[in-house]
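K.L.:
Following this message is one structure expressed as structure tokens.
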Amino acid sequence: MNRSSFVTRLTFVASTRPEAQESRDRLAARYGDAGIENAQVIVALGGDGFMLETVHALMASGKPIYGMNRGSVGFLMNEFADDDLLGRINAAEQAIIHPLRMNAVDVQGQSHEAIAFNEVSLLRTTRQAAKLRISVDGKVRLQELICDGALLSTPMGSTAYNLSAHGPIIPMDSQILALTPISAFRPRRWRGALLSHTARIRLEVLEGAKRPVSAVADNFEAPNVLEVYIAEDRNVSVCMLFDAGRSLGERVLAEQFSV
């Protein structure tokens, strides 16, 4: 967003929740709706899941996205309020987010490509534990991980599934990715690794026919994968806006002290 120009043109998108739909209609009537093409900022009304959907759907527009919580958790959203929306947006702090790019090959040799702003996860799909081999920058680092799965998280996604899997919270400006096992059985004491954001990760599924695994990049799923390659894509970026004093970096930091 060009800080030299005052934002006056907004467009509003909302989740299917009734309160989000009602809020969109009310705000559009008050501030006007310029449409995606003419708006300077996209205002997303919903929860964190809807924010991720909006980022994926509208990132090609190149427009900054300002979220307001009309869902449940709302970690990626600002507090909802009708008043002084233009003032809040013009004073907002920017977070430039680069996603992970996943390339997965399934048992039939088909390739699946997707991007993830939170994490790429490999998940077992039957009662059988998954067996994974992990390579970083062309070198095998873990010959065999027996587990429910594993995930690679961005800093933004480190407070989501990664944290639930007991992975570390990563500061937004750290240029680090978190590789976290999900319910590791062997080696039992392996807790994961912190990797440079330039790392190129290869996850191989061992005994894939017996122990099927799906690869999930945010809301995209590729079933029955055998190999998954993951790396940060610096050619893709999205600008998210957060209220002054409540930046995404501040939220991630504060999460480490929550009890």
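Reading the sequence shown from the start, the letters are residues 47 to 305 in this note's numbering.
Virtual Cβ for every residue (Gly too), placed ideally from N, Cα, C.
#1: If you drop the 5 nearest sequence neighbours on each side, which residues of the same chain put their C-beta closer than 7 angstroms to that of residue 290?
#2: Suppose the cutoff is 7 angstroms on Cβ atoms and the five residues either side in sequence are ignored; what does the same chain contact list for residue 160 look like?
#3: Could you pull the start and end residues of the alpha helix (DSSP H) that residue 101 belongs to?
#4: So, helix, strand or coil for residue 215, using DSSP?
#5: Express the C-alpha separation of residue 165 and residue 124 in angstroms, rounding to a whole number.
#6: Could you give the DSSP three-state label for residue 262: helix, strand or coil?
#7: Please report how far the alpha carbon of residue 121 lies from the alpha carbon of residue 172, in whole angstroms.
#8: If you run the structure through DSSP and keep just helix, strand and coil, what is residue 48?
#9: Can you give me the start and stop residues for the alpha helix (DSSP H) that residue 141 sits inside?
#10: In three-state DSSP terms, what is residue 202?
#11: For residue 61 and residue 74, what's the separation of their Cα atoms in angstroms?
#12: Whose C-beta lies closer than 7 angstroms to the C-beta of residue 134 among residues of the same chain, with five residues either side of it excluded?
#13: Would you say the region 150-158 touches the region 107-122, given that touching needs at least three Cβ pairs under 8 angstroms?
P.N.:
In short:
#1: Annotation for residue 290: 137, 138, 139 place their beta carbon closer than 7 angstroms to its own, counting only its chain and skipping 5 residues before and after.
#2: So the list reads 148, 263, 266, once near-sequence residues are dropped.
#3: Its alpha helix (DSSP H) spans residues 94-104.
#4: Here residue 215 carries a coil assignment [DSSP, helix/strand/coil].
#5: So the alpha carbons of these two residues sit roughly 22 angstroms apart.
#6: Strand, per DSSP.
#7: As the crow flies, the alpha-carbon of residue 121 is around 31 angstroms from that of residue 172.
#8: Annotation note: pLDDT 49 at residue 48 (below 50); position unreliable, coordinate value reported separately. Assignment of residue 48 by DSSP, reduced to helix, strand and coil, places it in the coil class.
#9: It is not in any alpha helix (DSSP H) - residue 141 instead sits in the beta strand (DSSP E) that spans 139-143.
#10: Helix, per DSSP.
#11: Between residue 61 and residue 74, the C-alpha separation is close to 15 angstroms.
#12: Here the set comprises 289.
#13: A contact between stretches requires three or more CB pairs, one per stretch, nearer than 8 angstroms, and the region 150-158 fails this requirement with the region 107-122.
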